[in-house]
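These protein sequence lines map, in sequence, to chains Y and R.
Here the first sequence is numbered in this note's numbering, starting from 1 and rising by one per residue.
Here the second sequence is numbered in this note's numbering, starting from 1001 and rising by one per residue.
Every residue gets a Cβ at the ideal spot worked out from N, C-alpha and C, and that includes glycine.
All figures in this text were calculated on a predicted structure; none of them were measured in a lab.
Worksheet: the structure to be examined is printed underneath.
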Amino acid sequence: MDYENAEDIDLVRASQEGDTRAFDGLIRRHSPRVYGLIYNMTSNHEDTGDMLQEVFSKAFRSIKGFRGNSAFYTWLHTIAVNMTINFLKKRGRYPKLSLSELQEEAFKDAELRAITAASNPAKEANLSELQQKLNEALQKLSIEHRTVVTMFDVQGIPHKEISQILGISEGTVRSRLHYAHKQLQIFLRDFRPQTANQTA
Amino acid sequence: MSAKKTISNSQEPVDTAALLRLKRFETPSPDYFERSIDDFHRRQTTALLRRPIWRIALDRFAAELHRLLPLPAPVVAARFARNSFAAAGVCTLCLLTLNLKPWEPGLSERAGSLARAILPTNETKNAPSELALASNSEGLNGAAGLSGTNLLALTPEWERHFGSTAPAPEFETTLASVGGSIIRSPAKNFSPTPSVRILNPPPQKPRYVLDSRPAAQGVALRF
């Protein structure tokens, strides 16, 4: 079996029959997104590493129970979200942030540079400051709202899939998103866009 | 050409979606995920070694069973229920056999008490064939084959011994009466239970008869 190019469902079937290399293929394929989901909910790199292991351990133990009624990706995200929410409830409200390094591409992103430059024109674009403020603002949101924002705005998961993963209606997803965006606008008002009108 | 920069309305909302784009760049290097797989393997091995042997054996047995019986869950559940029912039946039979102890004498008494424990008295009254069956199994004193009706026919014999004025005891036609009074071979440790009650207990049969009064009923040391 070509573990690199095989479909998820084939890798799942092979894993159910005890092929651990197939499960490695699933981990390799899905760990960046699962990491992103957990990290953006916890804002802590070390906690995310531990949680990632726990999530894949749980998935490995439960893989035989996966019937294929939903996509493997949805099933895995459901495990990750539930475990992370339980972890966050135990951890407490004001955690210590431990942020991942920003990728080089972030410094080349024109839109992000424009936002940071506009927030403080006197300074050079400071993405690290924005990163810090952004994570602090996210941690001020409730767990439910942070989860929805992470999945929709950061991960790019559509409303319908979010509703499947969280087991709530699409209307609830939209309403939580709306409220969370309002809150974030208050927390991040320093980064309000400043339009420049140029007149000749 | 002169450029004039003006600040727009300060109440304009923040573009949160644009800000949150930054979060997409907060990802570790690809090496991190490769190390993560190694870490996952190490953790799994450690977790496996920590488990008790019986749990490992149970899991292997379950996996083997799953491999051998790739049947749908309802079929497995139905077979499990059927086998459980059969097993319960076999266990009940074994317990009954152990309770009756057919290798020891007095089977009919034990069968009687067991029947009373299981069936109400009315049912035992209406089941003479079962009484006969219980007697037949032991074959005591030639009374085997007596049915409930035959047992009641012994009442005239009582009148011949004690006269018609003496009230005849009323027996309940239960299995105990077969073993205890009619067959006249009571068990060594037979004790009547409330359902084997004798309504008017008969006087003891006299062993010696002196001047028409049973010695057992006369005054002691009377010469």
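#### Entry: 8 Å contact criterion, which methionine 83 of chain Y and lysine 58 of chain Y should meet: CB distance rounded
With a Cβ gap of about 7 Å, methionine 83 of chain Y and lysine 58 of chain Y count as contacting.
### Query
Is any beta-carbon of chain R found at less than 8 Å from that of leucine 130 of chain Y?
Answer yes: the Cβ-Cβ gap between leucine 130 of chain Y and chain R drops below 8 Å somewhere.
### Task
Measure the beta-carbon distance from leucine 138 of chain Y to serine 43 of chain Y and round it to whole angstroms, keeping in mind my assumption that it falls under 8 Å.
Yes, leucine 138 of chain Y and serine 43 of chain Y are in contact; Cβ-Cβ is about 6 Å, under 8 Å.
### Query
In or out: isoleucine 1056 of chain R buried (at least 16 other Cβ within 10 Å) or exposed?
Classified as exposed, isoleucine 1056 of chain R has fewer than 16 neighbouring CB atoms from the shown chains inside 10 Å of its CB.
### Query
Under 8 Å between the Cβ atoms of glutamate 170 of chain Y and lysine 160 of chain Y?
Closer than 8 Å, so yes.
#### Entry: Environment of tryptophan 75 of chain Y [buried if 16+ CB atoms lie within 10 Å]
By the neighbour-count definition (other C-beta atoms within 10 Å, threshold 16), tryptophan 75 of chain Y is a buried residue.
### Query
So, does the CB of glutamate 1026 of chain R fall closer than 8 Å to a CB anywhere in chain Y?
Residue contact with chain Y for glutamate 1026 of chain R: present (Cβ-Cβ distance below 8 Å to some residue of chain Y).
#### Entry: Where alanine 1017 of chain R meets chain Y, residues with beta-carbon distance less than 7 Å
Under the 7 Å cutoff, chain Y gives Asp153.
#### Entry: Contact with chain R by leucine 184 of chain Y, beta-carbon distance below 8 Å
With a threshold of 8 Å between beta carbons, leucine 184 of chain Y makes contact with chain R.
### Query
Applying a beta-carbon distance threshold of less than 9 Å, which residues of chain Y neighbour arginine 1060 of chain R?
Near arginine 1060 of chain R there are no residues of chain Y at all, since even the closest Cβ is about 11 Å away, more than 9 Å.
### Query
Going along chain R, which residues have a C-beta under 9 Å from glutamine 139 of chain Y?
For a Cβ distance threshold of 9 Å, nothing in chain R lies close to glutamine 139 of chain Y: the least Cβ distance comes to about 13 Å.
### Message
Is there a C-beta anywhere in chain R that falls below 8 Å from the one on arginine 28 of chain Y?
### Response
Closer than 8 Å: yes.
### Query
Rounded to a whole number of angstroms, what is the C-alpha to C-alpha distance between glycine 1139 of chain R and tryptophan 1103 of chain R?
Summary for glycine 1139 of chain R: the model assigns pLDDT 42, below 50, so the residue's position carries little reliability; its value from the coordinates is reported in the next sentence. C-alpha separation (whole angstroms): 14 Å.
#### Entry: Residue interval of the alpha helix (DSSP H) (run including glutamate 136 of chain Y)
Counting along the chain, the unbroken alpha helix (DSSP H) around glutamate 136 of chain Y starts and ends at 127 to 140.
### Query
So, using beta-carbon positions, are arginine 1067 of chain R and glutamine 53 of chain Y closer together than 8 Å?
Glutamine 53 of chain Y sits away from arginine 1067 of chain R, with the two beta carbons spaced by 8 Å or more.
### Task
Starting from arginine 1043 of chain R, follow the alpha helix (DSSP H) in both directions and report where the run begins and ends.
In the DSSP assignment, arginine 1043 of chain R falls within the unbroken alpha helix (DSSP H) covering 1030 to 1050.
### Message
Using only the alpha-carbon positions, how far apart do alanine 996 of chain R and asparagine 1083 of chain R sit?
### Response
For chain R, the structure presents residues 1001 to 1223; residue 996 of chain R sits outside this window and is missing.
### Query
Since asparagine 1043 of chain R meets chain Y, which of its residues come closer than 8 Å, beta carbon to beta carbon?
Per the sequence shown, the amino acid found at residue 1043 of chain R is arginine instead of asparagine. Neighbours of arginine 1043 of chain R on chain Y, chain order: Gln53 and Ser57.
### Task
Consult DSSP for threonine 1173 of chain R and reduce its assignment to one of helix, strand or coil.
Caution applies to threonine 1173 of chain R, whose pLDDT of 46 falls short of 50 and renders its modelled position unreliable; the value that the coordinates give is listed next. Collapsing the DSSP output to three states places threonine 1173 of chain R in coil.
### Query
Would the segment 1034 to 1050 of chain R and the segment 3 to 17 of chain Y be scored as touching if the rule is three or more Cβ pairs under 8 Å?
The segment 1034 to 1050 of chain R, when compared against the segment 3 to 17 of chain Y, does not touch it at the 8 Å Cβ threshold.
### Proximal residues to serine 163 of chain Y (C-beta, below 8 Å), its chain only, five neighbours per side dropped
A distance below 8 Å between beta-carbons, with the five flanking residues on each side excluded, links serine 163 of chain Y to the following residues of its chain, in chain order: Ser169, Glu170, Thr172 and Val173.
### Message
Could you tell me the alpha carbon to alpha carbon distance between glutamine 131 of chain Y and isoleucine 143 of chain Y, rounded to whole angstroms?
### Response
The C-alpha of glutamine 131 of chain Y lies about 19 Å from the C-alpha of isoleucine 143 of chain Y.
#### Entry: Three-way DSSP call (helix, strand, coil) for serine 175 of chain Y in this model
Under the three-state reduction of DSSP, serine 175 of chain Y is assigned to helix.
### Query
So, helix, strand or coil for lysine 182 of chain Y, using DSSP?
The answer is helix: DSSP assigns lysine 182 of chain Y an H, G or I state.
### Query
Taking C-beta to C-beta, are phenylalanine 72 of chain Y and isoleucine 165 of chain Y nearer than 8 Å?
In this structure, phenylalanine 72 of chain Y sits away from isoleucine 165 of chain Y, with a CB-CB distance that is not shorter than 8 Å.
### Query
Does DSSP classify serine 1084 of chain R as helix, strand or coil?
Reduced to three states, the DSSP call for serine 1084 of chain R is helix.
### Query
glutamate 161 of chain Y lies in the alpha helix (DSSP H); which residues open and close that run?
Here the alpha helix (DSSP H) through glutamate 161 of chain Y covers 159 to 166.
### Query
Just the Cα atoms here: how many angstroms apart are phenylalanine 1061 of chain R and glycine 36 of chain Y?
The alpha-carbon atoms of phenylalanine 1061 of chain R and glycine 36 of chain Y are separated by roughly 38 Å.
### Task
Please compile the residues from chain A whose C-beta is within a distance smaller than 7 Å of the C-beta of proline 32 of chain Y.
This model lacks chain A altogether, as its protein chains are Y and R.
### Task
With DSSP as the reference, label leucine 1114 of chain R as helix, strand or coil.
Here leucine 1114 of chain R sits in helix by DSSP.
### Task
Let me know the secondary structure DSSP gives proline 32 of chain Y once reduced to three states.
Secondary structure of proline 32 of chain Y (DSSP, three-state): helix.
### Task
For leucine 1065 of chain R, return the contacting residues in chain Y, with the cut-off set at a CB-CB distance below 9 Å.
Residues of chain Y passing the Cβ test: none, with the nearest at roughly 12 Å.
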